[in-house]
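First up is the structure itself, then whatever we jot down about it.
There are 2 protein chains.
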Amino acid sequence: MIQAKQLTIALLGAGSMGSAVGHRLTQGGARVLTTLEGRSAASALRAREAGMEDASLESLAACDFILSIVPPAVAIETAARLVPVLEHANSKPVYVDCNAINPATVEQIARTLEPTGAPFVDGAIIGMPSAPKFYMSGAHAARTQALADYGLVVRMLDGPVGAASALKMSYAGITKGLTALGSAMSLAAIRNGAGDALLDELAESQPALAAWLAGNVPRMPPKAYRWVAEMEEIAQFIGDELAEHRIYEGAAGLYARLAHDKDATDTLERFFSERKN
Amino acid sequence: MIQAKQLTIALLGAGSMGSAVGHRLTQGGARVLTTLEGRSAASALRAREAGMEDASLESLAACDFILSIVPPAVAIETAARLVPVLEHANSKPVYVDCNAINPATVEQIARTLEPTGAPFVDGAIIGMPSAPKFYMSGAHAARTQALADYGLVVRMLDGPVGAASALKMSYAGITKGLTALGSAMSLAAIRNGAGDALLDELAESQPALAAWLAGNVPRMPPKAYRWVAEMEEIAQFIGDELAEHRIYEGAAGLYARLAHDKDATDTLERFFSERKN
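The listed protein sequences correspond, in order, to chains A and B.
Following full-length UniProt numbering, the residues of the first sequence are numbered contiguously, the last one being 277.
Following full-length UniProt numbering, the residues of the second sequence are numbered contiguously, the last one being 277.
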């Protein structure tokens, strides 16, 4: 028997972040539903291990909350798929888009969902799957405070839909952007016979950056493929009219190559790991 | 009377770095010549205050060393101007190109000077005018060790012409690149109502980066105009065939705007300085 007050949460997406959040919520006492239709065997396994239950779209629409935690490229279609069932639902769940997408895309999703009557919240996840923090913005953000009782770290931003996503974009633009700079410049220095000199000079005059790069660049390769779309979102976040959007087009191009260039990522991992000793 | 063994050094360029190096060398006991023909009144004043003497091109060619410390865009023409007088000189000075230019440009300068017989050294300056370090590479690099006796910090790189410049490019690509990321993302976060949240989150989860940005972004505005050409050199250092060269085209575009957009740089300075207190 499910207790009367138990929160039920629909979690769209069972990637590494989605399943980690699902596990945290089930451990916290929530019932977590998802739809595994069309998902990979790995996703299905991760979802089950996280204690998430496979459910119909109608069941998802009957939850208290819907959390969308999917790759940036499918955030819009994920919301659109829910529109028909949400329109026919009697009670409306709070839809929280937690994806790494730019504010304009978030507003597009909010508009897509508007006819359904489901309250929309702009969410952003900062941190690793092991310790995610949720930032929330928009008129209905306060309603997500309930998730804190089920194990999530939830912080309210005093801003409209778009503010949480802007925080995510700008934070990732600095951290994943610096990982791109460190990777691009290390590879270029190595190609030109200046790799060791670069690390020595950074260690001497920029010890904080040297330590940061040694800690972060080697962890990037398995995530590079996911960061391509995120860098493209950040380029759009800046906007075509400002020249610096090209910084993130360049970073997207770098990560697109590194996702497939094992020689380059092996070189980077060796380069930074040798120097830690 | 000039002592027999006093080193005479031709210093091309009397910008903030060039004049600081000139001052260091004259304080160290060297005689430092430059040519003020066609230079601004500010450069002429800086040169004189640094103890540098105005001299003809022929006198420069008779020095022990020629140090080129000029804006990246004029490094080639600065060398080319010296070619006729160097060709006719009996003894050949060591020509050290110390500019923030990419290895291919350095090689072009080396080829330009080759017919003169003057030994060529690839130099790179890392650090502020108050504490510059000189890295030297190429077959004749060891000859620049003499400059250490006159107050310069000189370090040899075990590499050909191009290695010192590659170090400079990759080091500046990380440090001035991160300044670009921090500027672009702070301005975008502020535009989207997430500026304070960004600084709070960085302070909490990326304290090293938060401190670095607070220390470096506010010092960037007066240098932005000079960094445009340097970012373009770094883009060429990467090469057109690699997508990440666009990172630095974007950074060049950002600095080109910030060099003239006082509203934006005032915003950045206020943004970071408010948070230091």
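The beta-carbon is built from N, C-alpha and C at its ideal position, and this holds for glycine as well.
Because the structure is a prediction, the values reported are computed rather than measured.
Residue i - containing alpha helix (DSSP H), residue span
{"i": "residue 355(B)", "result": "Coverage of chain B is limited to positions 1 through 277, which leaves residue 355(B) absent and any answer about it impossible."}
{"i": "residue 228(B)", "result": "224-238"}
{"i": "residue 17(A)", "result": "16-27"}
{"i": "residue 249(B)", "result": "245-258"}
{"i": "residue 62(A)", "result": "From DSSP, residue 62(A) is part of no alpha helix (DSSP H); its letter is neither H nor E."}
{"i": "residue 39(B)", "result": "Here residue 39(B) belongs to no alpha helix (DSSP H), and DSSP marks it neither H nor E."}
Contact set for residue i: own chain, Cβ-Cβ below 8 Å, skip 5 residues either direction
{"i": "residue 218(A)", "result": "268, 269, 272, 273"}
{"i": "residue 152(B)", "result": "21, 24, 25, 28, 132, 134"}
{"i": "residue 198(B)", "result": "185, 186, 189"}
{"i": "residue 70(B)", "result": "12, 13, 15, 18, 78, 99"}
{"i": "residue 192(B)", "result": "none"}
{"i": "residue 76(B)", "result": "105, 108, 109, 112"}
{"i": "residue 172(B)", "result": "100, 230, 234"}
{"i": "residue 246(A)", "result": "235"}
{"i": "residue 140(B)", "result": "94, 119, 120, 121"}
{"i": "residue 50(B)", "result": "14, 19, 20, 22, 23, 26, 32"}
{"i": "residue 249(A)", "result": "231, 232, 235"}
Residues bridged to residue i [DSSP beta-bridge criterion]
{"i": "residue 11(A)", "result": "67(A)"}
{"i": "residue 54(A)", "result": "34(A)"}
Continuous beta strand (DSSP E) stretch holding residue i: start and end
{"i": "residue 34(B)", "result": "31-34"}
Cβ shell of residue i (< 6 Å), same chain only, five flanking positions each side left out
{"i": "residue 31(B)", "result": "6, 8"}
{"i": "residue 148(B)", "result": "154"}
{"i": "residue 53(B)", "result": "33"}
{"i": "residue 220(A)", "result": "179"}
{"i": "residue 10(A)", "result": "33, 60, 63, 66"}
{"i": "residue 299(B)", "result": "Since the first and last residues shown for chain B are 1 and 277, residue 299(B) lies out of range."}
{"i": "residue 236(A)", "result": "102"}
{"i": "residue 195(B)", "result": "189"}
{"i": "residue 167(A)", "result": "124, 135"}
{"i": "residue 181(B)", "result": "none"}
{"i": "residue 213(A)", "result": "182"}
{"i": "residue 87(B)", "result": "116"}
{"i": "residue 176(B)", "result": "227"}
{"i": "residue 57(A)", "result": "85"}
{"i": "residue 159(A)", "result": "137"}
{"i": "residue 263(B)", "result": "none"}
7 Å CB neighbourhood of residue i in its chain, flanking five on each side removed
{"i": "residue 44(B)", "result": "36"}
{"i": "residue 209(A)", "result": "202"}
{"i": "residue 39(A)", "result": "14"}
{"i": "residue 216(A)", "result": "179"}
{"i": "residue 277(A)", "result": "Unreliable placement is indicated for residue 277(A), whose pLDDT of 45 sits below 50; the coordinate value is still reported in the next sentence. Same-chain partners within the cutoff: there are none."}
{"i": "residue 164(A)", "result": "122, 123, 124, 135, 136, 137, 157"}
{"i": "residue 260(B)", "result": "none"}
{"i": "residue 4(A)", "result": "In this prediction, residue 4(A) has a pLDDT of 48, which is less than 50 and means its spatial position is unreliable; what the coordinates show is noted afterwards. Correct list: empty, nothing qualifies."}
Cβ-heavy atom distance, residue i to the ligand GDP, below 7 Å
{"i": "residue 60(B)", "result": "You won't find the ligand GDP in this model; it holds no ligand whatsoever."}
Practice task
Pick out the complete alpha helix (DSSP H) segments inside the segment 137-191 of chain A, 4 residues or longer, and give them in chain order.
Solution key: Segments of the alpha helix (DSSP H) lying fully in the segment 137-191 of chain A: 163-191.
Practice task
Go through the segment 65-137 of chain B residue by residue and report every complete run of the alpha helix (DSSP H) that reaches 4 residues or more, in order.
Solution key: DSSP runs (the alpha helix (DSSP H)) wholly in the segment 65-137 of chain B: 75-88, 103-113.
Problem - Cβ-based contacts, 7 Å cut-off: residues of the segment 89-108 of chain A near chain E - result: Absence of chain E from the displayed structure is noted, the protein chains being A and B.
Handout entry: Short-range partners of chain A found in the segment 157-168 of chain B, where Cβ spacing is below 9 Å
Key = Residues 157, 158, 159, 160, 162, 163, 164, 165, 166, 167, 168.
Exercise for the section: Taking only beta carbons into account, state which residues of the segment 211-240 of chain A come closer than 9 Å to chain B, listed in chain order. Expected result: So the list reads 211, 212, 213, 234, 235, 237, 238, 239, given in the order they occur along the chain.
Problem - chain A contacts made by the segment 256-274 of chain B, where a contact means CB separation under 8 Å - result: Cβ contacts with chain A come from 256, 257.
Handout entry: chain B contacts made by the segment 195-209 of chain A, where a contact means CB separation under 8 Å
Key = Only those residues of the segment 195-209 of chain A whose C-beta falls short of 8 Å from the nearest C-beta of chain B are listed: 197, 198, 201, 202, 205, 206, 208, 209.
Problem - Residues in the segment 111-129 of chain A having any Cβ partner in chain B nearer than 7 Å - result: Going along the segment 111-129 of chain A in chain order, one finds 126, 127 with a Cβ nearer than 7 Å to chain B.
Problem - Against chain B: residues of the segment 176-189 of chain A by CB proximity under 9 Å - result: Contact residues of the segment 176-189 of chain A toward chain B are 177, 178, 180, 181, 182, 183, 184, 185, 186, 187, 188, 189 (C-beta to C-beta distance below 9 Å).
Exercise for the section: With 7 Å as the C-beta to C-beta threshold (strictly closer), list the residues of the segment 46-68 of chain A near chain B in chain order. Expected result: Listed in sequence order: no entries.
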